[in-house]
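Residue numbers (our numbering): 282 to 658. Even glycine gets a Cβ: it sits at the ideal position worked out from N, Cα and C. As the structure is a computational prediction, the values presented were derived from the model and not from experiment. Data block below; observations after.
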Amino acid sequence: MNIQLGDTPISLSRYLGLWSAVVVVFALQGFVHDAFFAELWSIFDYLRWSMIQWYTWAALAPWVFRLAARYPIQSPGRWRALFVHLLAGIGITALALVIGAAVSTLFEPSSFAEQLLQFVGRHAATGLLTYWALVLLQHSLRLRAERARRMVEASRLAAELARSRLQVLKTQLQPHFLFNTLHAIITLLDEDKRSAEDMLLRLSELLRAFLEDYDGQEISLRRELDLLELYLGIQGQRFKDRLTTQIYVAPGTLDCAVPSLLLQPIVENAIRHGIGQRVGADRIEIESRREGDSLCIEVRNRNSTLESGQAPADTSGHGIGLTNTRLRLRELYGQAAELRLDMIWPEGVSCRIRLPFRVLDDAGEEADDDNPEHLPG
């Protein structure tokens, strides 16, 4: 069973236990005081007097908490609340004195009037202080509850903001990809209608996969590679024999969680800054492996170069895809993720990605990382 103290519920046993502790403390105080300065009574008498006084307040305290919750001492209405509590403090204290005197009369030979005079003389000031102590306690409980509510609300808003920012970054990738793919299809319409038709079919399948699987921010690397294969098929139709691909995948990484649309913009960037701008052939290589608690993914192309003076970790000048990918990694994993560009010998650029190694739920057991799959493109 619970008792409602303003906006705060408390179990009856705990509530009575707290007031019982008050009863014992004041009974001992009276006993020690009389042991030095007055006639000493039985310890049970002190307990009885203390129980009458403080269990009366235990019965009246829920009213005090209810008043304190209804009339909080805060702006606006602070002065009105103070006036209400001033009157209520006097009234409830008087009621506590009357109830205490009436109950005490049952155990004492003196009359009700005599007991009331004793209660007023001994407990009136203590009663007023008790009322205001309960009001302040309710005020502190309300502030603590409000602070906890604000912290929960702030956490919820921060999570929603992070999800919104991730969604914005993600939706920026898809129009960018669509624009480039449709441009390639338009280019092929006059040159090779069959290839353009094949690209449209692959694009349709890819878009359907986006709509079906891209509700979340993460998918398995296996599914990401399936989607990437559709994209590479589109680019293969565009560049024909000039473009080849090679994929090296450690089996234990296939079921790892990766951000959706992680590889497509990076591969697109490699193609655009490689074979898309330079003469000759190009090869795109994709590799995944586990290193300790990290999943390492590399996307390499053999016909590209970093701009002069560009730092390896710098992705400026390499397209919106890499910029947004870096922002998404930061939002999803913080400092636990990294994306950097490096030159490779004798020619080419490698995009290296490091993510926390985490297998998706129900993904199965991890396989041996020392036995990579070799998937020719």
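In its own chain, which residues sit with a C-beta less than 8 Å from the C-beta of L363, not counting the 5 before and 5 after it?
Excluding residues within five positions, the ones whose Cβ falls inside 8 Å are I354.
Three or more beta-carbon pairs under 8 Å between the segment 286-305 and the segment 343-350, yes or no?
Because the criterion of three Cβ pairs below 8 Å is met, the segment 286-305 and the segment 343-350 touch.
Please check the pair C577 and S569, which I expect to be a contact at CB under 8 Å, by giving their CB distance rounded to whole angstroms.
Confirmed, about 7 Å.
Within 10 angstroms of the Cβ of T337, are there 16 or more other Cβ atoms? Answer buried if so, exposed if not.
With 16 or more other Cβ atoms within 10 Å, it is buried.
Tell me which same chain residues have a C-beta within less than 6 Å of the C-beta of S501, skipping the five on either side of it?
The residues are D536, L641.
By Cβ distance, which residues of its chain are closer than 6 Å to S392, with the 5 residues on each side in sequence left out?
Excluding sequence neighbours, S392 sits near nothing in its chain.
How many angstroms separate the CA atom of W626 from the CA atom of I556?
So the alpha carbons of these two residues sit roughly 17 Å apart.
Whole angstroms is fine: what's the gap from L470's alpha carbon to I515's?
Taking the straight line from one Cα to the other gives about 14 Å.
Please state the DSSP three-state secondary structure of P290.
It is a strand residue.
If the criterion is Cβ atoms closer than 8 Å, does the pair L603 and I547 meet it?
It is a contact, given that the beta carbons lie within the stated cut-off.
From the DSSP output, in three-state form, read off M624 for me.
In the structure shown, M624 sits in a strand (DSSP, three-state: E or B).
Is there contact between the segment 373-385 and the segment 401-409, where contact requires at least three CB pairs shorter than 8 Å?
A contact exists between the segment 373-385 and the segment 401-409.
Answer with buried or exposed for M282, where buried requires no fewer than 16 other C-beta atoms within 10 angstroms of its C-beta.
M282 is exposed by the Cβ-count criterion.
Is the CB-CB distance between I324 and G381 below 8 Å?
Contact flag unset, no.
CB-CB under 7 Å to S476, same chain, minus the five flanking residues each way: which ones, in chain order?
Taken in chain order, the residues that qualify are L469, Q518.
Determine contact between the segment 614-630 and the segment 517-533, defined as no fewer than three beta-carbon pairs at a distance below 8 Å.
Output reads no: the segment 517-533 does not touch the segment 614-630.
Excluding the five sequence neighbours on either side, which residues of its own chain have a C-beta within less than 7 Å of the C-beta of W335, listed in chain order?
W300, V303, V304, F307, listed in sequence order.
My output table needs one value for Y352: the three-state DSSP class, helix, strand or coil.
Three-state DSSP puts Y352 in coil, outside helix and strand.
On the DSSP bridge assignment, give the partners of E572 in chain order.
Its beta-bridge partners are S575.
Per DSSP, R564 is paired with what?
Partner(s): T525.
From which residue to which residue does the beta strand (DSSP E) around R633 run?
Note, R633: beta strand (DSSP E), 630-637.
Using 8 Å as the threshold, is the C-beta distance between G358 and W413 below it?
Their beta carbons are not under 8 Å apart, which means G358 does not touch W413 by this criterion.
Can the beta-carbon of V630 be found less than 8 Å from the beta-carbon of L622?
Closer than 8 Å, so yes.
Quick one: what's E619 bridged to in DSSP?
Paired residue(s): R635.
If distances are taken between C-alpha atoms only, which option among F638, R583, E434 comes closest to V560?
For V560, the nearest C-alpha among the options comes from R583.
Would F638 and R571 qualify as a contact pair, given that the criterion is a beta-carbon distance under 8 Å?
Contact flag set, yes.
Please state whether DSSP places N605 in a helix, a strand or coil.
Helix, per DSSP.
Is the beta carbon of L487 sitting closer than 8 Å to the one on Y512?
Yes; because the gap between Cβ atoms is below 8 Å, this pair is in contact.
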